[in-house]
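Be aware that the sequence shown starts at 5, since it is given in the numbering used here, and climbs by one per residue.
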Amino acid sequence: MKRVFKSLIAAIFIMLVMSSTAFAQVNLDIKVSGTEVTIDGSSDHPSGDVTIQIWSGDKRYYIDAATTDSSGDFHFKFNTKEGLDYQGKINVAGETKEFSFSTKAQEGAKVEAYRIDVKPITKGEVQAVGFAIKNISDGNQDVTFIVVLYEKNTMKMRDYSYVKKALSASEEEVFVAGFTIPPTGNYVVKAIICDNIESVNEGTLMNVLVDPVTIGVE
Numbered sequence: 005m006k007r008v009f010k011s012l013i014a015a016i017f018i019m020l021v022m023s024s025t026a027f028a029q030v031n032l033d034i035k036v037s038g039t040e041v042t043i044d045g046s047s048d049h050p051s052g053d054v055t056i057q058i059w060s061g062d063k064r065y066y067i068d069a070a071t072t073d074s075s076g077d078f079h080f081k082f083n084t085k086e087g088l089d090y091q092g093k094i095n096v097a098g099e100t101k102e103f104s105f106s107t108k109a110q111e112g113a114k115v116e117a118y119r120i121d122v123k124p125i126t127k128g129e130v131q132a133v134g135f136a137i138k139n140i141s142d143g144n145q146d147v148t149f150i151v152v153l154y155e156k157n158t159m160k161m162r163d164y165s166y167v168k169k170a171l172s173a174s175e176e177e178v179f180v181a182g183f184t185i186p187p188t189g190n191y192v193v194k195a196i197i198c199d200n201i202e203s204v205n206e207g208t209l210m211n212v213l214v215d216p217v218t219i220g221v222e
């Protein structure tokens with residue numbers, strides 16, 4: 005069963021790669037809450053210079069600079085205006101990454117999710133990741149919460165854990181999954197929220213319900 009599920013995880017990852025630059029050395033986790041935007045990033049450039057630019061149309065809304073930590077991670081938090089589509093560019097030690105986000109209200113969303121545990125993930129210990137997930141659709145919704153451990157440089161999958169639940173309309177539940185992080189090596193954790201991925205065995209595609217979240221490992 006685990007071998008079958010591992011192939012399904014790989015299928016999800018391939019889907020994500022096709023629509024993103026998952027193998028880039030600079031990885032971004034972008035969270036938008038109203039007009040507040042938080043960007044957590046990881047890179048292969050420890051103690052490197054980082055610059056960020058955010059714009060919409062021909063107007064620039066945010067410019068800043070920082071330095072990555074000893075693991076190559078960085079963090080930006082800023083406010084924008086609602087109802088706009090934004091583009092951005094981050095430069096980490098000469099390596100650039102372009103991205104986009106929107107403060108427009110999302111239509112057709114089925115769930116809302118946010119991370120409930122913000123403590124650092126560290127190597128050599130059993131680590132759990134928790135998300136509160138709410139069904140905002142009018143009917144029942146299958147939810148599968150998957151936490152995957154990847155090698156940071158190659159994005160090779162090393163481990164995974166998952167939880168499945170069916171949420172009724174307006175129901176909110178806490179989903180927690182985790183595993184032991186090896187004591188050596190460089191890793192990132194990706195949290196994926198989708199519907200019933202067993203549908204892959206039936207020849208239909210699963211739906212990723214919210215944007216995957218990448219979490220750095222210290």
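Quick reminder that beta carbons are idealized off the backbone N, C-alpha and C, glycines included.
Here's the rule: buried if 16 or more other CB atoms are within 10 angstroms of the residue's CB, otherwise exposed. What is residue i?
i      : result
ALA195 : buried
VAL178 : exposed
GLY76  : buried
ASN144 : exposed
ASP146 : buried
THR39  : exposed
I'd like the span of the beta strand (DSSP E) that includes residue i, first residue to last.
i      : result
THR148 : 145-155
VAL180 : 176-184
MET161 : 161-171
Find out if the Cβ-Cβ distance for the pair residue i, residue j is shorter than 8 Å.
i     : j      : result
ILE58 : THR126 : no
GLY98 : THR72  : no
Cutting at 6 Å between CB atoms, please list the residues of its own chain near residue i, excluding the five before and the five after it.
i      : result
ALA132 : VAL180, GLY182
TYR90  : ILE58, SER60, PHE105
GLU206 : Interpretation of GLU206 is limited by its pLDDT of 46, a score under 50 that renders its predicted location unreliable; the figure taken from the coordinates is listed afterwards. Nothing listed; no residue qualifies.
VAL217 : ASP33, ALA195
GLY128 : PRO187
Can you check which of these residues, the options, is closest to residue i by C-alpha distance?
i      : options                       : result
ILE56  : THR42, LYS93, LYS114          : LYS93
LYS168 : ASN200, VAL214, ASN95, GLY38  : ASN200
THR148 : PHE135, GLY45, GLY128         : PHE135
PRO187 : GLU222, ALA173, SER172        : GLU222
SER74  : SER46, VAL41, ASP121          : SER46
THR100 : VAL130, MET159, VAL30, ALA113 : VAL30
Kindly list the residues whose CB is nearer than 8 Å to the CB of residue i, restricted to its own chain and excluding five residues on each side of it in sequence; keep chain order.
i      : result
ASP68  : THR55, ILE56, PHE80, PHE82
PHE103 : LEU32, ILE34, GLN91, GLY92, LYS93, ILE94
Give me, in chain order, the residues of the same chain whose beta-carbon lies closer than 7 Å to that of residue i; leave out the 5 immediate sequence neighbours on both sides.
i      : result
GLY87  : THR107, LYS108
ASN211 : CYS198, ASP199
Hey, does residue i have any beta-carbon neighbour from chain D nearer than 8 Å?
i      : result
GLY128 : Given the protein chain composition of this structure (a single chain), no chain D is represented.
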